[in-house]
Amino acid sequence: MEVIEILREASKKIYENVKELAGTEHAAGNFGIGAGGDISRNIDIVAEKTVLDYLKEINFECIVLGEECGRVELSNNSKGYIIMDAIDGSANAVRGVPFFCSSLAFATGSKLSFITDGVITDLSNGEMYWASKNKGSFFNGGQIKVYDKEPIYKIIGINTSGASSELMKRLSPVYEEHEHTRHFGANALEMALFARGVMDIFIDLRGKIRIQDIAAGYIIIKEAGGFLFDADLNPLDADLSYETRISFIAASNQKILDEIALLIGQQLNNTN
Ligand code: IPD
Ligand code: CA
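0 is the number of the first residue of the sequence shown in numbering that gives the first Met the number 0; add one for each residue after it.
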């Protein structure tokens, strides 16, 4: 079985196991602080267990880096890492806001740039985004590409959850200049929407995002023709470590990157 099929199957199983749970009181059960540093909710635990049980069942030899469960070595002859955010957008999932997803990626080494496969499933409806290195990105049945034409409405995604007042000040010219800014509350699904071409740029400069929130989106965006930069506008890469916290910009083309970089006062490098 190809790695991408394993991730797709695991993701489907998460959807089956959590679709009735989201938005219920039971979803919120507190399991203490997870490896990623946030409270693990019952829905997070149910979703992670689904993936771990499945990987064990098919005997997939890997190391899992889960947001709640931490590093789980399923073999001492590992083929690589499964980077798992079984529920991204947990607050939405617990409250019943229909915008949350699962994010599963596979990497052959311990950096983002070693990611070969990624799957993001919108858990409000089961729709799936996926990509494998050099094979393109897909949404449900069809191939997807970032939107690189001049749009009728420019949609600017910005994650500002818990942003400092300094960052909000730096971002304020973007809000003044652009009427259609968006923030939905599940980073991985926002990256998937960007890859699908419904947003022109997605910005998260808070320095808070973990590798689990970004890993599948990373390959889905790249394979959809998008560009990913770090806070200094260098090509994005990072260690697959629990200490890593990332700022990033996903841009569909150089023009929109230049425009936003100017507004936030960031010096430009070339696209990767
Ligand atoms: C969160 C979401 C959210 C982002 C937070 C993340 P989680 O992931 O991606 O959009 O603003 O920084 O922690 O905790 O729901 O998996
Ligand atoms: Ca999570």
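The beta carbon of each residue, even a glycine, is placed where N, CA and C say it ideally should be. This one's a predicted model, so the numbers in the text were calculated from it and none came from an experiment.
(request) Run the proximity test for I119: is its beta-carbon closer than 7 Å to any non-hydrogen atom belonging to ligand 1? (result) Position 120 of the sequence shown, counted from the first residue, corresponds to residue 119. No, the beta carbon of I119 sits no closer than 7 Å to any heavy atom of ligand 1.
(request) Identify every residue that forms a DSSP beta bridge with S251. (result) Locating residue 251 in the sequence shown gives position 252, counting from the first residue. According to DSSP, which records beta bridges pairwise, S251 is partnered with nothing at all.
(message) Please determine whether the Cβ atom of S77 lies at a distance below 7 Å from any heavy atom of ligand 2.
(response) Taking the sequence shown and counting its residues from 1, the one referred to as residue 77 is at position 78. Not so, every heavy atom of ligand 2 lies at least 7 Å from the Cβ.
(request) Rank Y241, E1, T243 and F247 by C-alpha distance to the C-alpha of K78 and give the top, closest one. (result) On the sequence shown, position 79 is the one that residue 78 refers to. Closest by alpha carbon: E1.
(request) Can you say whether I119 is buried or exposed, counting buried as having 16 or more other CB atoms within 10 angstroms of its CB? (result) To locate residue 119, count along the sequence shown from 1; it is residue 120. Counting Cβ neighbours within 10 Å, I119 comes out buried, since at least 16 surround it.
(request) Report, in whole angstroms, the separation of the C-beta atoms of G88 and L188, which I expect to be a contact under 8 Å. (result) The sequence position of residue 88 within the sequence shown is 89, counting from 1. The sequence position of residue 188 within the sequence shown is 189, counting from 1. Indeed they touch by this definition, with Cβ atoms about 6 Å apart.
(request) Excluding the 5 residues preceding and the 5 following A26 in the sequence, name in chain order all residues of the same chain whose CB lies nearer than 7 Å to its CB. (result) Indexing the sequence shown from 1 puts residue 26 at position 27. Closer than 7 Å at Cβ, skipping near neighbours: L20, R40, N41, I42, A92 and V93.
(request) Mind checking who S39 pairs with in its DSSP beta bridge? (result) Locating residue 39 in the sequence shown gives position 40, counting from the first residue. Bridge partners of S39: none, in fact.
(message) Is D84 near ligand 2 - that is, is its Cβ less than 7 Å away from at least one heavy atom of it?
(response) Sequence index remark: in the sequence shown, residue 84 carries index 85 (1-based). Flag set: Cβ of D84 near ligand 2.
(message) Could you check if D43 belongs to the surroundings of ligand 2, using beta carbon to heavy atom distance under 7 Å?
(response) Locating residue 43 in the sequence shown gives position 44, where the first residue counts as 1. With a cutoff of 7 Å, D43 counts as near ligand 2, since its C-beta is closer than that to a heavy atom of the ligand.
(message) Looking at the strands, I want to know which residues DSSP matches up with M282.
(response) Here the chain covers residues 0 to 271 and nothing more, so residue 282 does not appear.
(message) Which residues does DSSP list as the beta-bridge partners of V71?
(response) In the sequence shown, the residue the question calls residue 71 occupies position 72. In DSSP, V71 forms a bridge with V63.
(message) Judging by CA-CA distance, which residue of P97, E258, A250 and R205 is the nearest neighbour of A194?
(response) Here residue 194 is taken as the residue at index 195 of the sequence shown, counted from 1. When each option's Cα is compared against that of A194, the closest is A250.
(message) Using a Cβ-based criterion (distance less than 7 Å to any ligand heavy atom), does S101 qualify as near ligand 1?
(response) As a position in the sequence shown, residue 101 is number 102, starting the count at 1. Incorrect: S101 has no Cβ contact closer than 7 Å to ligand 1.
(request) Identify, in the order they occur along the chain, each residue of the same chain with its Cβ nearer than 8 Å to the Cβ of I32, setting aside the five sequence neighbours on each side. (result) On the sequence shown, residue 32 is found 33 positions in, with the first residue counted as 1. Closer than 8 Å at the Cβ level, and outside the excluded window around I32, lie I38 and S39.
(request) Using only alpha-carbon positions, find the residue among K134, Q142, L64 and M167 that is nearest to L262. (result) By 1-based counting over the sequence shown, the position of residue 262 is 263. Residue M167 is the option with its Cα nearest to L262.
(message) Please report the distance separating the alpha-carbon of G125 from that of G156.
(response) What you label residue 125 is simply residue 126 of the sequence shown in a count that begins at 1. What you label residue 156 is simply residue 157 of the sequence shown in a count that begins at 1. Taking the Cα positions, G125 is about 22 Å away from G156.
(request) Please list, in chain order, all residues of the same chain as T270 whose beta carbon is under 6 Å from its beta carbon, the five residues on each side excluded. (result) Along the sequence shown, one-based indexing puts residue 270 at 271. A caution first: T270 carries a pLDDT of 46, below 50, which makes its placement in the model too unreliable to give a value.
(request) Label L256 either buried or exposed according to how many other C-beta atoms from any shown protein chain fall within 10 Å of its C-beta, with 16 as the threshold for buried. (result) Indexing the sequence shown from 1 puts residue 256 at position 257. A buried status is given to L256, since no fewer than 16 other beta-carbon atoms sit within 10 Å of its beta-carbon.
(message) Would L51 and V71 qualify as a contact pair, given that the criterion is a beta-carbon distance under 8 Å?
(response) For the purposes of this step, residue 51 is taken as the residue at position 52 of the sequence shown. For the purposes of this step, residue 71 is taken as the residue at position 72 of the sequence shown. For L51 and V71, yes; Cβs fall inside 8 Å.
(request) Provide the residue span of the beta strand (DSSP E) that contains Y217, from first to last. (result) The sequence position of residue 217 within the sequence shown is 218, counting from 1. Here Y217 belongs to no beta strand (DSSP E); instead the alpha helix (DSSP H) covers I210 to E222.
(request) Tell me, please, which residues DSSP counts as bridged to Y80. (result) For this step, residue 80 is matched to residue 81 along the sequence shown. Its beta-bridge partners are I62 and A106.
(request) Out of G35, L6, R205 and R244, state which residue places its alpha-carbon closest to the alpha-carbon of C61. (result) As a first step, residue 61 must be located in the sequence shown, where it is residue number 62. When only C-alpha atoms are compared, the closest one is L6.
(request) Take the Cβ of I151 as the centre, count every other Cβ of all protein chains shown within 10 Å, and call the residue buried at 16 or more, exposed below. (result) Stepping through the sequence shown from its first residue, residue 151 is reached at position 152. Under this definition I151 is an exposed residue.
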